[in-house]
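Colleague: Input: one structure, supplied below.
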């Protein structure tokens with residue numbers, strides 16, 4: 002910037018006080034949003050499901066989702082996928098036929114859930130990393146071999162919702178789809194009873 006009197010340029014080197022104020026204001030906003038976000042995330046993610054939550058075990062297998070419900074006894078039977086999994090014989094998860102707790106377990110390729118109730122999922126994988134993704138419910142959780150991963154949510158609207166795998170899990174990845182069917186509590190009870198009778 003040139004001075005009119007001398008014709009020589011004058012340079013501004015800034016004001017360190019304004020720079021300090023600006024930096025502190027941005028830091029305060031950053032940390033404020035971070036603290037508010039952590040509280041909100043903790044409230045959503047770490048809240049425990051209700052005691053009467055529907056228990057569903059979700060297993061990803063190349064290239065199919067399986068959903069297992071504990072039967073009338075409310076206890077899941079023992080699974081040994083390495084020794085007993087034989088999809089062609091009707092035992093894709095490897096349910097132990099000698100375990101009385103598993104005799105009434107219900108295995109489905111459709112995730113049927115009652116509306117308005119907490120759902121407690123246990124996610125597993127038999128082979129590679131899969132990722133259960135229900136876009137309409139904004140739900141996504143990985144299933145990792147050798148791990149049991151818990152997640153929960155509450156469906157709030159009846160209907161049929163697409164389930165896909167959000168992890169590239171092999172050449173047949175495009176086929177790894179299922180449906181989440183959210184129904185009334187009465188319809189859910191009827192569905193369970195019908196499946197138990199079929200066994």
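In this note's numbering, the protein residues as written are 2 to 200.
Note that the Cβ used here is the ideal one computed from N, Cα and C, for glycine as well.
#1: Does residue 79 come out as helix, strand or coil in the three-state DSSP assignment?
#2: Residues in the same chain with beta-carbon distance under 8 Å from residue 117, minus the five sequence neighbours each way, listed in chain order, please.
#3: How long is the line joining the alpha carbons of residue 4 and residue 12, rounded to whole angstroms?
#4: Let me know the secondary structure DSSP gives residue 129 once reduced to three states.
#5: Counting Cβ pairs, one atom from each stretch, are 3 or more of them under 8 Å apart for the stretch 99-107 and the stretch 158-177?
#6: Taking contact to mean at least 3 C-beta pairs separated by less than 8 Å, is the stretch 102-112 in contact with the stretch 75-93?
#7: On the DSSP letters alone, give me the boundaries of the beta strand (DSSP E) that residue 67 sits inside.
#8: If I measure Cβ to Cβ from residue 62 and keep anything under 7 Å in the same chain, skipping five residues before and after, which residues do I get?
Modeller: Well, looking at it:
#1: For the purposes of this step, residue 79 is identified with residue 78 of the chain shown, where counting begins at 1. In the structure shown, residue 79 sits in coil (DSSP, three-state: anything other than H, G, I, E or B).
#2: The residue given as residue 117 occupies position 116 in the chain shown. These residues qualify, in order along the chain: 155, 156, 157, 186.
#3: Against the chain shown, residue 4 aligns to sequence position 3. Against the chain shown, residue 12 aligns to sequence position 11. Here residue 4 scores only 49 on pLDDT, less than 50, and its place in the model is too uncertain to base an answer on.
#4: Translated into positions along the chain shown, residue 129 becomes position 128. Coil at residue 129, not helix or strand.
#5: no
#6: yes
#7: In the chain shown, residue 67 corresponds to position 66, counting from 1. Segment 65-70, the beta strand (DSSP E) holding residue 67.
#8: As a first step, residue 62 is located in the chain shown; it is residue number 61 there, counting from the start. Closer than 7 Å at Cβ, skipping near neighbours: 93, 127, 128.
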